[in-house]
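Reading through the structure tokens given below for one structure.
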Amino acid sequence: MNFLVTNDDGIFAPGVKALVEVLENFGKVFVVCPDVENSAISHSITLRRPISVTELNLFNSSQVTSWSISGTPSDCVKLALEVLIKEPIDIVFAGINMGSNIGRDVFYSGTISAALEAQLFNLPSVALSLDSYNPQETNFTNCKKWLFQFLREIFKKPLNNKVLLNVNFPYVELDKFKGFKIADLDFSIERYKHVTIDDSFGQIFYWLKDRRSTIASDYIDYDFMLIKQGYATITPIQYSFTANELIETYKSQLFDNKGAN
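Here the sequence shown stands for residues 1 to 261, where the numbers follow full-length UniProt numbering.
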């Protein structure tokens, strides 16, 4: 199999190295990542400046080819599939992200959006995140073991090219890992809140504070609380904005069945 790997933490992030080390056991890996961090950039693309591309030899493996680009995670997927990679890609992977992408995070995450971009090319995709936030202190050894188990299972059958699998791993010891669970996104959690900061000159600023470690949810079977309990969560996500079940309702309401097609 041929895999495309990207992320939003940048080409030198430890998470992409960990992902590549696992994936090369299953096939050929093409890595196209931003040259700098692009976290929380969502599905933005580069329109008003050219994108530069640098081919790199970071992974010391004949199974891996890598580039960095001066664009966003979504740029990475689009440029890789349209220009850089000459072989057909079977699955697109985004990650392993530093920090979980659960609940409302999916709207802001560059990792999730890169995986969603793959759906526009009719390719199956997987977004991977680890619930740890310090790249200097994070050890990916356990995560790599769980990821290998997960990939070994999902590769047994073809993946749906209309579905993104959003996978989040807890940052726990091996004996604290409770396994995998399919989970809904917990939109009830307001993880980020603006706080006020006054500087010494009386100027007021606002900073988004991550409250994840201090809040809980009533939805114990959704992704937010399952991660806290030591589970890895898997959420199938579809890239479809049309509320199909309401089309006929609005046709009737807005057009009274006259002139509506």
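Every residue gets a Cβ at the ideal spot worked out from N, C-alpha and C, and that includes glycine. Just so it is clear, the structure is predicted and the values come from calculations on it, not from any experiment.
Which residues in the same chain have their Cβ closer than 8 Å to the Cβ of I69, if we skip the five residues on either side of it in sequence?
So the list reads V32, C33, P34, D35, I51, S52, V53, T54, D75, C76, L79, once near-sequence residues are dropped.
Only counting the same chain, and skipping five residues up and downstream in sequence, which positions put a Cβ closer than 8 Å to that of K209?
Take K209, set aside five residues on each side of it, and the residues of its chain with a beta-carbon closer than 8 Å to its own are Y192, K193, H194, V195, in chain order.
The stretch 13-24 / the stretch 116-125 touching (three or more Cβ pairs under 8 Å)
With the cut-off at 8 Å, the stretch 13-24 and the stretch 116-125 do not touch.
Could you tell me which whole beta strand (DSSP E) segments of length 3 or greater appear in the stretch 138-206?
For the stretch 138-206, the full-length beta strand (DSSP E) segments reaching 3 residues or more read 163-169, 179-182, 192-198 along the chain.
Based on Cα-Cα distance, which residue from F255, G179, D90, E248 lies nearest to K28?
For K28, the closest of F255, G179, D90, E248 by C-alpha to C-alpha distance is D90.
What residues in its chain sit with their C-beta under 8 Å from that of G101, if we drop five residues either side in the sequence?
The question names Gly, but residue 101 in the sequence shown is Asn. Non-local beta-carbon contacts of N101 in its own chain, meaning distances under 8 Å to residues more than five positions away in sequence, involve S109, T111, I112, A127, S129, N166, N168 in chain order.
If you drop the 5 nearest sequence neighbours on each side, which residues of the same chain put their C-beta closer than 7 Å to that of P135?
Result list for P135: A13, P14, M98, in chain order.
Presumed contact (8 Å Cβ cut-off) between F93 and L185, rounded CB distance
That belief does not hold up - the Cβ atoms of F93 and L185 are roughly 20 Å apart, past 8 Å.
Identify every residue that forms a DSSP beta bridge with P236.
According to DSSP, residue pairing for P236 in a beta bridge involves L165.
Within this structure, are the beta carbons of Y171 and D223 separated by less than 8 Å?
With respect to the 8 Å criterion, Y171 and D223 are not classified as neighbours on the basis of their beta carbons.
Under a Cβ-count criterion, where at least 16 other Cβ atoms within 10 Å of its own Cβ denotes burial, should K249 be classed as buried or exposed?
It should be pointed out that residue 249 corresponds to Thr in this sequence rather than to Lys. That one is exposed.
With DSSP as the reference, identify every bridge partner of P34, one or two as the case may be.
According to DSSP, P34 bridges with I69.
Out of curiosity, what's the CA-to-CA distance linking E21 and E37?
Between E21 and E37, the C-alpha separation is close to 21 Å.
For G95, the first and last residue of its enclosing beta strand (DSSP E):
In the DSSP assignment, G95 falls within the beta strand (DSSP E) that extends over 91-98.
Starting from the Cα of S125, find the closest Cα among R104, K162, E137 and give me that residue.
For S125, the nearest C-alpha among the options comes from K162.
Which whole-angstrom value is the C-beta distance of Y231 and F187, which I expect to be below 8 Å?
By a beta-carbon distance limit of 8 Å, Y231 does not contact F187. Their separation comes to about 19 Å.
Could you give the C-beta distance for I237 and V64, rounded to a whole number, given that I count them as a contact under 8 Å?
Rounded, the Cβ-Cβ distance is 27 Å, inconsistent with contact.
Check T214 in the structure and name its three-state DSSP category.
T214: helix per DSSP, three-state reduction.
Does residue 266 pass the burial test, meaning 16 or more other C-beta atoms within 10 Å, or should it be called exposed?
Residue 266 lies beyond the range of the chain shown here (1 to 261); nothing can be said about it.
Suppose you measure from the CA of F3 to the CA of F30; what does that come to, to the nearest Å?
One C-alpha to the other measures close to 6 Å.
Express the C-alpha separation of W67 and L58 in angstroms, rounding to a whole number.
Inter-residue distance for L58 and W67 is about 9 Å (C-alpha atoms, whole angstroms).
How is the alpha helix (DSSP H) around S113 delimited, first residue to last?
Element bounds for S113: 110-119.
In this structure, how does DSSP classify F107 when only helix, strand and coil are distinguished?
Helix.
Three-state secondary structure assigned by DSSP to K251:
Note: K251 maps to helix in three-state DSSP.
Can you list, in chain order, the residues of its chain whose CB lies under 7 Å from that of S39, leaving out five sequence neighbours each side?
Hits under 7 Å: D8, D9, G110.
For S74, which of helix, strand or coil comes out of DSSP?
Helix.
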